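Numbering (the working numbering), first residue to last: -19 to 145.
Built from N, CA and C at the ideal position, the CB exists for glycine as well.
Keep in mind it's a predicted model, so treat the numbers as computed, not measured.
See structure below.
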C-alpha cells in the first residue's frame, strides 16, 4: 500500500512538472496592431542585421484617479483646496509608476536578455516614466518581429519606425 501511494505521488509530481510553464513563457497579449502602415509610410522590410532598434516603453502611470480628484478639488471654488495648484513634483508623485511596475518590466526584459535605462529628461517630465531598450533586430525578433517603415515624403535623414508586417 505504501509503495502504491509513493508511486501515485511520484506520478503526480511528474505530471505537475510536465504541465508547469517556466516564467519566461508567460502568456503575452498583443496590445495594439496595425493591419497596414500609417498613411504616408511604406514598408521597407526588416532592418539590416547591423542596425540597432530603439524601443521606448512607457510605464503604466500609478494614481490617475487620485490626480483627477485633486485637480477637481483645486479647481472647484467650493473646495477648501481651491487655488492650491499642484507643483510639477506633486503631479509626478501621483503618476509615477509603482516599484512593482518597474520591477515587473525589468524582470520581463531580463528574461529576454534585454535591459533598459530611463530616458534622461528632467525628473518631472512625462518622459521620466519611459524606458529605452536598444538592441540589434536579431535580439528582438522573438518579441517584436521587427519591420521598418519610411515616410514617403522624406528623402534624407530617414528614421525607420516600427511597421506592421
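- No Cβ-Cβ contact shorter than 8 Å links residue 64 with residue 71.
- The beta-carbon distance between residue 36 and residue 112, rounded to whole angstroms, is 6 Å. This is short enough to meet the 8 Å contact definition.
- Contact check between the segment 17 to 24 and the segment 83 to 96: fewer than three CB pairs, one atom from each, fall below 8 Å, which does not count as touching.
- About 7 Å separates the Cβ atoms of residue 43 and residue 75, confirming a contact at the 8 Å cut-off.
- Beta-bridge partners assigned by DSSP to residue 33: 115.
- Straight across, the Cα-Cα distance linking residue 46 with residue 52 is about 10 Å.
- Annotation for residue 130: the continuous beta strand (DSSP E) segment containing it runs 128 to 131.
- Between residue 34 and residue 114, the beta carbon gap of about 5 Å places them in contact (Cβ cut-off 8 Å).
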